[in-house]
Amino acid sequence: MSSRRARFFSDARFFIGVALVVASVAAVWGVVSASRTTVGVAAASGTLLPGQVIGAGDLQSTEVMLGAASERYLAVSDVPSGSVVTRVVEQGELVPRDALAPEGSAQLTTVVIRSAVEVASGVRKGTAVDVWVDSVDEDDPEPPRVLVSDAVVVSVRADDSMVRTAAAVIEIVVPRDAVPDVLAAVSAGSALSVIAAGGGS
């Protein structure tokens, strides 16, 4: 009797062990299978800039394997109408949920300034720049200072009116509360210079 009981418990442990192995293999297979599943998420058709309202053609759907990270992104069909970009998203980059905000919530706008000095070749659309101001008041000179930090370049073109220098006309995205300072500097005839943020070229 005791031998039969021992054999029963031995067999039970064997089947439990097999069941645990099968469950473990199934769990691993499920994780691997899920990681190989592709989902359609929104990617930028071109460089997206802060303050830009998402329109037709700005996003394209791309199939990627993201696993659990897919929750950080939206499908093109799930992007709310009138969404506004809150940070630079490069062409082809997946668009994270936190890179978009509801229409009217992003307190950003664009201004156009003339750089008093040559603009570095690396400053182009999407580049983060600092705008420096240098007073032209000889009676009350002040050292150059940063007027706006981390503005984003929309466009750069040569300033044809500045014959003797390689200055440029630059459209930049700035916070709305920085606009009065920028306009005041322009009105005062202060020299404005655009430098890549972080000392980049």
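Per our numbering, the very first residue in the sequence shown carries number 205; after that it's consecutive. Beta carbons: idealized from backbone N, C-alpha and C, even for Gly.
Looking at A279, D338, A305, the one whose alpha-carbon comes closest to that of R318 is D338. The criterion of a C-beta distance shorter than 9 Å is satisfied by A332 and V357. In this structure, V293 is the residue among S353, V293, V225 with its C-alpha nearest to the C-alpha of A246. The C-alpha of S397 lies about 42 Å from the C-alpha of E267. As the crow flies, the alpha-carbon of A303 is around 14 Å from that of D282.
Rounded to the nearest angstrom, the gap between the Cα atoms of T290 and A389 is 26 Å. Straight-line spacing of the CA atoms in A382 and P254 works out to 15 Å.
For A395, the enclosing beta strand (DSSP E) begins and ends at 395–400. I399 and P306 have their C-alpha atoms some 31 Å from each other. Look at I376 here: in three-state DSSP terms it is strand. In the DSSP annotation of this structure, the continuous segment of the beta strand (DSSP E) that includes L351 starts and ends at 349–362.
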